[in-house]
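Asker: The structure that follows is given in the form of structure tokens.
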Amino acid sequence: MSRPRVFEKPLGMRDWLPDELAKRRRIEARVLRRMAAWGYREIETPTLEYDETVGKASATADDQRFTLFDRQGLSLVLRPDMTAPIARVVGSLLADVPLPLRLCYRASVFRRQRKEAGRSAEFPQIGVELVGDGSADADAEVIALAVDCLRAAEVARFSLAVGHMGFLTELLQVTVPEAVLRDELKRLLARRDFVGFRQAVGRSTLPDAAKERLLALLSLRGGVETLEEAARVAAGVGCGAALDTLRRLWDVLEAYGVAAHVVFDLTLIGHLGYYTGVLFEGYAADHGFPILHGGRYDHLMALFARPAPATGFALVLDRVWEVSALAPEPGPPTVMVVYDDAHRTEALQTARRLRDEGNVVVTCWVPDADAADRAAERAGGRVLCFVDKGPAACGPKTGREAR
Amino acid sequence: MTEGLRVALPKGRIFDEAVALLRRCGVPLPAELEASRRLVLAVPDAALTFILAKPSDVPTYVEYGVADVGLVGKDVLMEEEARDVYELLDLGISRCRIAVAAKPDWRPCPAPRVATKYPRIASAYFRERGQQVEIIKLNGSVELAPLVGLADRIVDIVSTGQTLRENGLVELETIAEVTTRLIANLVSYRMKSRAVDELCARLEAVIRRQRTEVAP
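From first to last, the protein sequence lines stand for chains A and B. The numbering of the first sequence is numbering that gives the first Met the number 0, which starts it at 0 and goes up by one. The numbering of the second sequence is numbering that gives the first Met the number 0, which starts it at 0 and goes up by one.
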């Protein structure tokens with residue numbers, strides 16, 4: 000690329016203008032209030048981390064992390080997710096705080112995009128981590144909280160798909176003895192390539208029963224009845240623990256009253272090799288990309304010297320922003336105070352009093368009455384003039400007030 | 000929420016067979032579809048909207064969710080590798096292959112050049128085989144390249160092999176078999192699962208019937 004022009008910013012970065020940001024802040028405030036109401040306390044971590052630790056522990060591929068060097072030549076990374084930094088904190092600064100820990104965050108994460116220029120590279124996220132509770136009830140808690148957050152953000156129609164890495168791993172482990180084929184099948188599921196999956200199964204030398212089981216896996220998606228179907232498909236190959244978790248998860252979600260938003264999809268893998276148990280994705284009508292990712296990552300805390308089960312989710316805030324019905328909160332009325340040198344003190348003290356009373360006040364110094372006239376004309380709302388020979392525009396007829 | 004399914008159809012090589020397949024599934028495609036220059040065609044009775052796109056753009060429309068599903072050749076999917084879409088069905092139509100071809104007297108040379116419309120596929124193929132080649136991206140009439148000395152080999156779509164023969168080229172290796180696939184957007188696959196599943200079921204039924212008819 001040639002030298003940047005003055006209006007350009009690095010690929011994948013975006014600006015948030017006041018109206019857009021006001022809506023985003025409103026979403027954030029409402030979502031954070033829900034998270035707080037569930038006992039999640041907000042945490043902030045640095046934008047830069049060590050690539051060797053936090054970068055490698057994240058689910059983000061090497062070529063998608065933004066890295067740079069510090070003065071000692073150590074690799075730094077713009078945090079590619081918030082889960083790994085929080086794991087670092089829980090394993091170090093909070094090492095003595097007993098589990099379970101409930102933490103939430105609002106932060107941007109950074110990922111290089113492999114494809115075209117228009118794609119985001121900075122993602123504003125809001126999310127939670129629940130560390131130290133491995134139960135199905137904990138899985139259900141974060142899913143129910145995710146539903147609560149999407150409602151608070153006024154996303155009209157949404158749905159969550161829930162899968163289980165353990166189910167998939169065990170089914171493949173028992174059904175496909177050969178590791179190379181097993182990895183190939185996992186990779187195809189992660190790429191959502193069902194045609195390739197069927198072809199790989201068809202080409203293999205597996206017995207017919209195994210082939211049938213693998214092909215049946217592809218249709219394990221739908222309501223709670225999917226779990227019975229899954230039990231039938233997985234009969235004799237284990238997966239019992241995973242299915243028990245999912246059954247219990249469903250019961251808890253029903254108790255929370257959010258089961259109607261949830262469907263099962265046992266082909267779901269998410270980031271390859273990251274999630275270890277229940278995982279989920281959220282979708283909104285009229286938005287082509289998932290708006291939420293989450294799941295259980297029981298291996299991660301061990302990388303930060305405090306082995307513990309953990310689960311969580313993150314809302315992709317710019318996508319939620321696109322589908323949210325919320326409007327920016329209407330602010331208090333704006334008052335313009337126009338003044339000249341002779342009335343400066345009086346004007347500024349009035350402005351202060353009005354601000355203390357909850358108004359938005361902008362001030363405007365003018366050299367003379369004519370300039371005051373023009374300033375009052377430009378201002379939209381209420382105008383207070385502190386100028387000798389108050390201008391014509393500051394009369395009761397115009398709805399503006401002369402001093 | 001847009002109700003009904005938005006289906007991206009590729010113009011060009013696959014188009015006629017794709018339309019015929021959809022008609023066999025009982026999709027009431029308007030008769031003017033082929034002749035019309037319109038790019039968006041609604042069929043309200045069937046709750047379907049068709050988007051007519053350039054084949055290599057079909058995965059893009061589907062990934063961004065402006066089309067819920069799309070019909071597209073595997074060659075395009077391989078070339079547009081990083082597209083995040085569901086690949087649901089092999090429709091079995093427009094069967095062909097991606098192959099390496101050259102003049103009959105081709106011999107390995109120290110600085111090989113390969114001309115292709117599929118730089119990503121070609122580059123991945125030769126790298127996997129431990130060969131470093133210079134890839135030259137062309138936008139059409141790839142067969143020309145070896146004839147005029149631009150490249151010593153080409154990577155291109157071959158269906159009957161007639162174009163190769165007419166230009167005095169021979170097929171050296173097959174890289175991949177190609178058929179048309181049904182792909183779906185990540186969100187539509189969930190939020191419109193009933194409509195997507197129904198379309199899949201109808202297509203599968205027709206494909207199965209065809210397969211048994213073709214079989215001896």
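Even glycine gets a Cβ: it sits at the ideal position worked out from N, Cα and C.
Please list the terminal residues of the continuous beta strand (DSSP E) segment that includes B/Ser187.
Answerer: Unbroken run through B/Ser187 is the alpha helix (DSSP H), 185–190; no beta strand (DSSP E).
Asker: For the stretch 40–71 of chain B, which residues have a beta carbon sitting closer than 8 Å to at least one beta carbon of chain A?
Answerer: Glu62, Tyr63, Gly64, Val65
Asker: So what does A/Tyr104 bridge to, in DSSP terms?
Answerer: A/Gly126
Asker: Starting from A/Ser158, find everything on chain B with Cβ-Cβ shorter than 8 Å and list it in chain order.
Answerer: Arg189, Met190
Asker: Since I believe B/Ala114 is in contact with B/Ala66 (beta carbons under 8 Å), could you give me their beta-carbon distance rounded to a whole number of angstroms?
Answerer: Between B/Ala114 and B/Ala66 the Cβ distance is about 31 Å, and since that is not below 8 Å, they are no contact.
Asker: For the ligand GDP, is there a heavy atom less than 8 Å away from the beta-carbon of A/Arg70?
Answerer: The model depicted lacks the ligand GDP and carries no ligand whatsoever.
Asker: Less than 8 Å between the CB atoms is what I'm expecting for A/Arg87 and A/Phe303, so what's the real figure, rounded?
Answerer: 5 Å
Asker: Who are the near neighbours of A/Arg111 in its chain, counting only those whose CB is closer than 8 Å to its CB and skipping five residues on each side?
Answerer: Gly11, Asp62, Gln63, Arg64, Phe65, Ala120
Asker: Going straight from the alpha carbon of A/Leu252 to that of A/Arg70, what length do you get?
Answerer: Between the alpha carbons of A/Leu252 and A/Arg70 lies a gap of roughly 50 Å.
Asker: Do the CB positions of B/Val169 and B/Ala101 come within less than 9 Å of each other?
Answerer: Yes. Within cutoff.
Asker: Could you work out which residues of chain A lie near B/Asp217, taking near to mean beta carbons separated by less than 8 Å?
Answerer: With chain B covering 0 to 215 only, the question about residue 217 of chain B has no answer from this structure.
Asker: Taking the beta carbon of B/Pro58 as the centre, do at least 16 other beta carbons fall within 10 Å, making it buried, or is it exposed?
Answerer: buried
Asker: Quick one: is B/Lys116 buried, meaning 16 or more other Cβ sit within 10 Å of its Cβ, or exposed?
Answerer: buried
Asker: Pairs of beta-carbons, one from the stretch 295–302 of chain A and one from the stretch 190–206 of chain A, closer than 8 Å: are there three or more?
Answerer: no
Asker: Do A/Pro327 and A/Asp18 have their CB atoms nearer than 9 Å?
Answerer: yes
Asker: If you reduce the DSSP assignment to three classes, tell me which class B/Tyr218 lands in.
Answerer: It is not possible to answer for residue 218 of chain B, since the shown part of chain B is limited to 0 through 215.
Asker: Are there 16 or more other CB atoms within 10 angstroms of the CB of A/Ala139, so buried, or fewer, so exposed?
Answerer: Buried is the label assigned to A/Ala139, since at least 16 other Cβ atoms lie within 10 Å of its Cβ.
Asker: Quick one: give me the first and last residue of the alpha helix (DSSP H) that A/Lys185 is part of.
Answerer: Run containing A/Lys185: 178–189, per the alpha helix (DSSP H) assignment.
Asker: If I measure Cβ to Cβ from A/Leu265 and keep anything under 6 Å in the same chain, skipping five residues before and after, which residues do I get?
Answerer: Gly162, Phe166, Leu219, Ala229
Asker: Please name the residues in the stretch 165–188 of chain B whose beta-carbon is closer than 7 Å to at least one beta-carbon of chain A, in chain order.
Answerer: Arg180, Asn184, Leu185, Val186
Asker: Go ahead and pull the three-state DSSP assignment for B/Glu79.
Answerer: coil
Asker: Give the secondary structure of A/Glu408 by DSSP, where H, G and I count as helix, E and B as strand, and everything else as coil.
Answerer: There is simply no residue 408 of chain A to check, as chain A begins at 0 and stops at 402 in what is shown.
Asker: Along chain A, in chain order, which residues have C-beta atoms closer than 8 Å to that of B/Val84?
Answerer: Those are Arg191, listed as they occur along chain A.
Asker: Are the C-beta atoms of B/Lys116 and some chain A residue less than 9 Å apart?
Answerer: no
Asker: Does the beta-carbon of B/Ala34 have 16 or more other beta-carbons within 10 angstroms, so that it is buried, or is it exposed?
Answerer: exposed
Asker: Short of 8 Å in beta carbon distance, which residues of its chain neighbour A/Ala116, apart from the five on each side in sequence? Order them along the chain.
Answerer: With a pLDDT of 49 at A/Ala116, under the threshold of 50, the predicted position of this residue should be treated as unreliable, though the coordinate-derived value follows. Correct list, in chain order: Leu10, Gly11.
Asker: For the beta strand (DSSP E) containing B/Asp155, list its first residue and its last residue.
Answerer: 152–157
Asker: Thinking C-alpha only, which one of B/Glu16, B/Val6, B/Arg22, B/Ala46 is nearest B/Leu38?
Answerer: B/Val6
Asker: Roughly how far, in whole angstroms, is the beta-carbon of A/Ala341 from the beta-carbon of A/Asp387, given that I think they are within contact range, below 8 Å?
Answerer: Yes, A/Ala341 and A/Asp387 are in contact; Cβ-Cβ is about 6 Å, under 8 Å.
Asker: How do the stretch 178–185 of chain B and the stretch 82–92 of chain B stand: do at least 3 beta-carbon pairs fall below 8 Å, yes or no?
Answerer: Yes, since at least three Cβ pairs between the stretch 178–185 of chain B and the stretch 82–92 of chain B fall closer than 8 Å, the two stretches touch.
Asker: Would you mind giving the Cβ-Cβ distance between A/Met164 and A/Gly276, rounded to the nearest angstrom? I have them listed as a contact below 8 Å.
Answerer: Going by Cβ atoms, the distance from A/Met164 to A/Gly276 rounds to 6 Å, so yes, they are a contact pair.
Asker: When DSSP labels each residue in this structure, what does B/Ile206 get in the three-state scheme?
Answerer: helix
Asker: Could you have a look at A/Arg354 and say whether DSSP puts it in helix, strand or coil?
Answerer: helix
Asker: Express the C-alpha separation of A/Lys8 and A/Arg2 in angstroms, rounding to a whole number.
Answerer: About 11 Å.
Asker: Measure how close the beta-carbons of B/Val68 and B/Val61 come, nearest whole angstrom, since I'm counting them as under 8 Å.
Answerer: For B/Val68 against B/Val61, the beta-carbon gap comes to about 7 Å, under 8 Å, which counts as contact.
Asker: Among B/Ile153, B/Glu142, B/Ser140, B/Leu51, which one has its Cα closest to the Cα of B/Ile134?
Answerer: B/Ile153
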